[in-house]
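Reading the sequence shown from the start, the letters are residues 2 to 295 in the working numbering.
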Amino acid sequence: MPDQPHKSTTKTYRLSEIRCDDFTIAGYSVAGEESVICIGELDVVFDIGRAPRDCLAINHVLLTHGHMDHSAGIAYYFSQRDFQGIKGGTALVPAALVRPLKDLMSAWARVEGHPSPHNFVGMVHGQDYEIRRNLVARAFDTRHVGPTLGYSVIDVRQKLHEQYLGLSGPEIVALKKKGVEITRRLEVPLVSYMGDTARSNYSELPHVRDSKVLLIECTFFEDDHLRRARLGKHLHVTDLPEVLEGMRNEKVVLTHVTRRTFMAEARHKLKQVLKKEQLEKVVFLMGKKQVEED
Ligand SMILES: [Zn+2]
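Structure below.
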């Protein structure tokens with residue numbers, strides 16, 4: 002009898018969707034297997050996983066680090082866009098990864114027999130990149146293995162100073178002409194993604210602390226997995242109360258759960274460690290296969 006393929010390989014997966022006020026998060030994130038999180042309305046995909054079809058038309062990849070489960074699809078992303086005639090496409094990546102990623106693209110060009118247009122932008126902590134008018138991605142340091150960054154996507158608005166609120170259009174124009182600073186910059190952080198990370202005081206970063214949605218990894222849940230978490234620089238469920246302390250996010254989405262733990266068990270552990278008001282904000286970004294296992 003021919004070998005039967007493993008059950009999970011016969012299924013094509015769907016991305017799980019989480020609806021937020023202004024956008025929908027569509028992703029798949031399982032530790033060691035694949036992490037990719039698309040937000041079409043913001044034109045960003047956090048990590049690229051194995052480049053599922055859903056992410057190809059999105060113009061900005063925000064890559065947190067080079068581990069294969071987060072980065073494997075990067076060459077395929079650029080190649081498929083070229084093949085489908087989708088212009089542009091930019092990957093923001095930790096600055097130290099620009100060179101090796103370019104090398105990877107030239108190796109693929111030799112393998113395929115033609116180059117795929119690509120654009121890598123090296124990012125460092127605190128650097129902003131304009132996604133489009135009034136929308137920026139800001140990189141921040143995270144604590145994982147090798148060069149790693151997290152990203153916040155921030156809505157940037159210009160607000161009229163209080164004292165000028167009642168003025169007419171021509172009056173405002175007149176002030177502007179005089180060089181008076183009539184507006185102030187207002188930042189509304191929409192979503193922050195850490196990729197893989199060990200414990201750190203992220204509440205010290207206002208754009209992460211105040212993000213409407215926080216995408217945070219929680220790889221391990223079982224008591225005897227704490228050592229694994231420390232070794233691999235990941236979060237264990239018992240780290241969450243400390244990491245979420247001082248955070249003001251409306252929604253917290255847990256990513257990167259290990260396959261070693263069943264979802265029902267993960268939920269149970271979460272209930273044990275989090276306060277009720279924290280628990281109400283937390284949801285899992287699950288892969289379809291995990292949902293089936295639950
Ligand atoms: Zn990693």
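Backbone N, C-alpha and C fix where the C-beta goes; we use that ideal spot for every residue, glycine too.
- With contacts defined by Cβ atoms closer than 8 Å, Phe47 and Tyr194 form a contacting pair.
- Beta bridge pairing from DSSP links Lys252 with Val214.
- By the Cβ test, the stretch 231-239 is in contact with the stretch 191-205, since at least three Cβ pairs between them sit closer than 8 Å.
- Trp109 and Ile40 have their C-alpha atoms some 28 Å from each other.
- Per DSSP, Ser153 is one residue of the beta strand (DSSP E) stretching across 150-161.
- Taking the Cα of His115 as reference, the smallest distance to any Cα among Glu266, Met106, Gly180, Phe221 is reached at Met106.
- A residue is called buried when at least 16 other Cβ atoms come within 10 angstroms of its Cβ; Thr25 does not meet this threshold and is exposed.
- At least one heavy atom of ligand 1 falls within 7 Å of the beta-carbon of Asp197.
- Every unbroken stretch of the alpha helix (DSSP H) spanning 4 or more residues and falling wholly within the stretch 21-93 is given here in chain order: 69-72, 75-84.
- Within the DSSP secondary-structure output, Ile19 pairs in a beta bridge with Ile26.
- Collapsing the DSSP output to three states places Asp197 in coil.
- Per DSSP, reduced to three states, the secondary structure at Met287 is coil, with no helix or strand assignment.
- Taking 7 Å as the cut-off, one finds no heavy atom of ligand 1 near enough to the beta carbon of Val209.
- Looking at the DSSP output, Tyr165 shares a beta bridge with no other residue.
- Taking 8 Å as the cut-off, the beta carbon of Ile132 is found closer than this to the beta carbon of Ala138.
- Shown here, His145 sits in coil according to DSSP, grouped into three states, outside any helix or strand.
- Between Leu64 and Arg82, the C-beta spacing is not below 8 Å.
- Proximity of the beta carbon of Val146 to ligand 1 is indicated: a heavy atom of the ligand is located closer than 7 Å.
- Relative to ligand 1, His68 has its C-beta within less than 7 Å of a heavy atom.
- Across the set Arg15, Glu223, His61, Asn135, the C-alpha of Asn135 shows the shortest separation from the C-alpha of Gln159.
- DSSP, reduced to helix, strand and coil, places Arg111 within a helical segment of the structure shown.
- Under the three-state reduction of DSSP output, Thr259 falls in the coil class, being neither helix nor strand.
- In this structure Asn120 is exposed. Its beta-carbon is surrounded by fewer than 16 other beta-carbon atoms within 10 angstroms.
- The Cβ atoms of His269 and Cys219 lie no closer than 8 Å to each other.
- Shortest Cα-Cα distance from Ser36 to any of Pro207, Asn60, His71, Thr262 involves His71.
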